[in-house]
Amino acid sequence: MSSFLQHTFDGLVSGAFLALLALGLSVIFGMLRVVNFAHGACYMLGAVGTYLLLTEFGIPFWWALLIVPLVLGAFGMAVERTLVHPLARLDPLYNFLLTFGLTLVLQDLVKLRYGTTSSPYATPAGLTGTVDFGLFDFPAYRVFVLAFAAVACAGVWWLLGHTRVGMVVRAATERPELTRALGIDVGRWVTPVFGFGIALAAVAGVLAAPMRAVNPLMGADLVIVVFAVVVIGGLGSIFGSVAAGFGIGLVQAWGESYLDQWPIVAQTSVFVIMAVVLLWRPAGLFGREEAPA
Amino acid sequence: MSVATKPRRAPSLLRAASGAPPWLRWALLAAGLAVALWLPNGLYPAVAVDILCWALFAVAVDLLLGYTGLLSFGHAAFWGTSAYASGLVAIHAGVPFPVAVLAGALVAAALAVPIGYLAVRRTGIYFAMVTLAFAQLVYYVANNRRGLTGGENGLQSVPRELFGLDLTDAYYFYYAALPVVLLGLWAAWRIVNSPFGRVLVGIRDNPARARALGYPVHRYKLLAFVLSAFLAGLGGGLFAMGHRFVTLDTLHWTTSGKAVVMVVLGGIGTLWGGVLGAGLLVRLEDWLSFSGFEAVGLVTGALFVVVVLVFRRGLWGTAADLLRRRARKSVAPSEGDG
Chain H
3 MSSFLQHTFD GLVSGAFLAL LALGLSVIFG MLRVVNFAHG ACYMLGAVGT
53 YLLLTEFGIP FWWALLIVPL VLGAFGMAVE RTLVHPLARL DPLYNFLLTF
103 GLTLVLQDLV KLRYGTTSSP YATPAGLTGT VDFGLFDFPA YRVFVLAFAA
153 VACAGVWWLL GHTRVGMVVR AATERPELTR ALGIDVGRWV TPVFGFGIAL
203 AAVAGVLAAP MRAVNPLMGA DLVIVVFAVV VIGGLGSIFG SVAAGFGIGL
253 VQAWGESYLD QWPIVAQTSV FVIMAVVLLW RPAGLFGREE APA
Chain X
6 MSVATKPRRA PSLLRAASGA PPWLRWALLA AGLAVALWLP NGLYPAVAVD
56 ILCWALFAVA VDLLLGYTGL LSFGHAAFWG TSAYASGLVA IHAGVPFPVA
106 VLAGALVAAA LAVPIGYLAV RRTGIYFAMV TLAFAQLVYY VANNRRGLTG
156 GENGLQSVPR ELFGLDLTDA YYFYYAALPV VLLGLWAAWR IVNSPFGRVL
206 VGIRDNPARA RALGYPVHRY KLLAFVLSAF LAGLGGGLFA MGHRFVTLDT
256 LHWTTSGKAV VMVVLGGIGT LWGGVLGAGL LVRLEDWLSF SGFEAVGLVT
306 GALFVVVVLV FRRGLWGTAA DLLRRRARKS VAPSEGDG
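Chains H and X, in that order, give the protein sequences. Take any residue in the first sequence, note its place counting from 1, add 2, and you have its number in the working numbering. Take any residue in the second sequence, note its place counting from 1, add 5, and you have its number in the working numbering.
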């Protein structure tokens, strides 16, 4: 029993990363109809940035958790203004291609400067111990990651559902023309929303730094898994992305621990689930079918 | 809705072919063949072989992207699967290399049936993401089946044999591979210019109307997907023969992306643009790695960003546009032939 809870907890923690990344991807897609291929690269930049703040400037984890998302969010806004926006009126595939090119550039820039070896990052002070839950102990840092990600997801949920900004974003997601016709300046929110989505990826990156190997390619294959996650949850569906993120994290963790003689099961489960969802509900579990394009 | 249609530009090949005078078409064909025959004398033969394989790959991707309006970001699954399959056939069966390549391409086409069946349920950006995800699934499976694929070590010492001819020299292998590639390119051209190809373009431009006219849209897309996978497989099989080993890289999404870069660089929906894009990109990467620059992705990625931002018609598309404009200026416009 306690080992099951252990695996479940591990699954929720890795699901937290998937959920944060899928959430950012979905927020951006909802507002801009852009699937950001560079999302994994932004996650990587978040982790590398955290590492650099410590090694180059001696800035510890807690400050990094504030600074890195802000800086990368600003970077995202600059990218939206200069690169993504000029393609906004064209087919969304062009922006997908653009962000693919950007991914190669960002990965190789980091590779060129810092090499491909993974760098360790010490667990932040105050979170080095374990938390005793009676039956079992969990590393305190992982408990923190899970709690932080859950709060962040709930925060975004509240932001979209209960604030004026959120209302505008939801309206612009559903009916952009109608929202404009009602006199709301939709264009004003596009850049901040893009930056916000990137900042969410950066948060995931900062949280990953003490847990996962920091290297230029850490986001390269992860972004494909996140794509599958949002297809499962329904691209653009906030709840679907978060739920599918945590769900896939759980499936992978259970697969890794109970079918450890077949590592292929855990690695490919997300894609197999995606195939089943496509057969059963092509729009995703929580997505709505759009007008046939 | 597709990349090729949104900026109102019909496939330049079809238009250019009807706009360009016949002598120019024949001249271009002759020039293309002359370059193909000369290539291994002007470049390293191994690089020339690479260009051949990638050209076929890019044309296969353009068959889907330019003429069916489907961006496959997972074609490495077919290129790589065929590379492994033809490598294995060549190692274990000892057949002439074109037979091994054909077998590999057939395996790739067979793999494309289930993947395509699922993927054509979505269009546009979803199609790209879904194909990407399935290709990653294939990648993990190949990485896991170490006994078959060699895992991280790859498949080593693939023989290339043709009725006892010695093809170890890449220079001679180039001329042995050229007919296979030309056949593949010819097949792509035939598909695009067949009634089937016209239906594909119709589906790309207006799927609802194609459906209303009674065309089984999904089945047409699936057939285009399988044919494209077969051609990509031909390229991948030759690539395995050309390098005499197969690595997991052939299945990675960066390989799919590279083919897409070639197509956009050459011009989406121009078919031959992919050949140009392949030649240019392979040559560029070779030159970069030869001069000791490690971050090849930095250059190709930046190049791609610029192309997508300001040069979306690509090389062939831009050339065809210029030609059309000049033709319109000098002669009275003669639309509607062809």
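All C-beta atoms, glycine included, are put in the ideal place defined by N, C-alpha and C. Quick caveat: nothing in here was measured; it's all calculated off a predicted structure.
Looking at the structure shown, is residue i part of a helix, part of a strand, or coil, going by DSSP?
i, result
"F140 of chain H", "strand"
"S121 of chain H", "strand"
"T128 of chain X", "coil"
"T132 of chain H", "strand"
"L160 of chain X", "strand"
"V73 of chain H", "helix"
"E166 of chain X", "strand"
"V36 of chain H", "coil"
"V216 of chain H", "strand"
"V100 of chain X", "coil"
"V188 of chain H", "coil"
At 8 Å on the CB atoms, spell out the chain H contacts of residue i, in chain order.
i, result
"L69 of chain X", "The contacting residues do not exist; L69 of chain X stays about 12 Å from chain H at best."
"T323 of chain X", "Ordered by position in chain H, no residue passes the 8 Å Cβ test against T323 of chain X, which lies about 16 Å from the chain."
"V135 of chain X", "V233, M276 and L280"
"V310 of chain X", "L85, L100, G103, L104 and V107"
Does the Cβ of residue i have 16 or more other Cβ atoms within 10 Å, making it buried, or fewer, making it exposed?
i, result
"G92 of chain X", "buried"
"V8 of chain X", "Residue placement at V8 of chain X is poorly supported in this model, since its pLDDT is 47, which falls under 50; the coordinates are not used for a value here."
"Q109 of chain H", "buried"
"S28 of chain H", "buried"
"R209 of chain X", "buried"
"G221 of chain H", "buried"
"Y49 of chain X", "exposed"
"F139 of chain X", "buried"
"A285 of chain H", "buried"
"Q254 of chain H", "buried"
"L327 of chain X", "exposed"
"W43 of chain X", "exposed"
"T175 of chain H", "buried"
"T255 of chain X", "buried"
"E179 of chain H", "exposed"
"N87 of chain X", "Note that residue 87 of chain X is Ser in the sequence shown, not Asn. Buried, because 16 or more other Cβ atoms sit within 10 Å of the Cβ of S87 of chain X."
"W59 of chain X", "buried"
"S16 of chain H", "buried"
"G238 of chain H", "buried"
"L20 of chain H", "buried"
"S4 of chain H", "exposed"
"H97 of chain X", "exposed"
Run through chain H and tell me which residues come within less than 7 Å of residue i, C-beta to C-beta.
i, result
"I130 of chain X", "V37, P94, L95 and F98"
"Y145 of chain X", "I266, Q269 and T270"
"T305 of chain X", "L106"
"L289 of chain X", "Simply none; closest approach about 13 Å."
Which residues in chain X sit within 7 Å of residue i, going by Cβ to Cβ distance?
i, result
"R109 of chain H", "Before going on, a small fix: residue 109 of chain H reads as Gln here, not Arg. The answer, in chain order, is G302."
"M79 of chain H", "Per Cβ cutoff of 7 Å: no residues; M79 of chain H is ~17 Å from chain X at best."
"P284 of chain H", "R126 and R127"
"P88 of chain H", "L314"
"L74 of chain H", "Under the 7 Å cutoff, chain X gives no residues; its nearest Cβ is about 18 Å from L74 of chain H."
Return the Cβ separation of residue i and residue j in integer angstroms, given the expectation that the two are a contact with Cβ distance under 8 Å.
i, j, result
"F83 of chain X", "A234 of chain X", "4 Å"
"T270 of chain H", "V146 of chain X", "7 Å"
"G262 of chain X", "F102 of chain H", "6 Å"
"F196 of chain H", "E82 of chain H", "4 Å"
"F78 of chain X", "T128 of chain X", "Contact flag wrong, Cβ pair sits at about 14 Å."
"V231 of chain X", "A124 of chain X", "About 11 Å; that fails the 8 Å criterion."
"Y45 of chain H", "A203 of chain H", "5 Å"
"F39 of chain H", "L142 of chain X", "Going by Cβ atoms, the distance from F39 of chain H to L142 of chain X rounds to 18 Å, so no, they are not a contact pair."
"I187 of chain X", "F178 of chain X", "Strictly speaking, residue 187 of chain X in this sequence is Leu, with Ile absent from that position. About 15 Å; that fails the 8 Å criterion."
"G42 of chain H", "V225 of chain H", "3 Å"
"A215 of chain X", "V204 of chain X", "7 Å"
What residues from chain X crowd round residue i, counting only those whose CB sits closer than 8 Å?
i, result
"F2 of chain H", "Summary: the structure shown does not reach residue 2 of chain H, with chain H confined to residues 3 through 295, and so no result is reported for it."
"I30 of chain H", "The contacting residues do not exist; I30 of chain H stays about 12 Å from chain X at best."
"L114 of chain H", "E299, A300 and L303"
Can you list the residues of chain H that residue i reaches, using a CB-CB cut of under 9 Å?
i, result
"A63 of chain X", "The contacting residues do not exist; A63 of chain X stays about 14 Å from chain H at best."
"N149 of chain X", "W264, P265, I266, Q269 and T270"
"A138 of chain X", "I226, V227, F229, A230, V233, V272, F273, M276 and A277"
Could you tell me which chain X residues have their CB closer than 9 Å to the CB of residue i, listed as they occur along the chain?
i, result
"L261 of chain H", "Per Cβ cutoff of 9 Å: no residues; L261 of chain H is ~13 Å from chain X at best."
"L237 of chain H", "I130, Y131 and M134"
Residues of chain A with CB under 8 Å from residue i, in chain order?
i, result
"G262 of chain X", "No chain A appears in this structure, whose protein chains are H and X."
Item to check | Every unbroken alpha helix (DSSP H) inside the region 182-232 of chain X [4 residues or more] | outcome: 200-210 and 212-217
Next on the checklist: At 3 residues or longer, what runs of the beta strand (DSSP E) sit wholly inside the region 234-286 of chain X?
Outcome noted: none
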